[in-house]
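Notes follow once the structure below has been shown.
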Amino acid sequence: MQHEDCILVNQNCCSCNSGGTQVAIHKQYEQDIMDRRDIICASMGCLTFINESPVCTAKKARCEQGICKVNIPK
């Protein structure tokens, strides 16, 4: 697995701009997660709250020993 195989996605129904957070996953699972999120999150509302945690300020994911991780800025 390479760094390019990893992407950032919302960890739950809400994005970092709505009080949520993000995680790193292998890009092959992105569509499955999006499809499930469409069903699970359909009736859920998110706050207008920007999460400024390091996980949310990250712009890239990386591969570390075969595991996708959030590339937290230094």
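Under this note's numbering, the sequence shown has 34 at position 21, and the numbering climbs by one with no breaks.
Glycine is no exception: its CB is placed at the ideal position from the N, C-alpha and C atoms.
N23 (DSSP reduced to helix, strand or coil):
strand
Give me the Cα-Cα distance between S31 and A71, rounded to the nearest whole angstrom.
16 Å
Tell me the rounded alpha-carbon separation between G33 and I20.
17 Å
Exposure of S78, with buried meaning 16 or more beta-carbon neighbours within 10 Å:
The question names Ser, but residue 78 in the sequence shown is Gln. Q78 is exposed by the Cβ-count criterion.
What do you reckon, are the CB atoms on C29 and M57 nearer than 7 Å?
no
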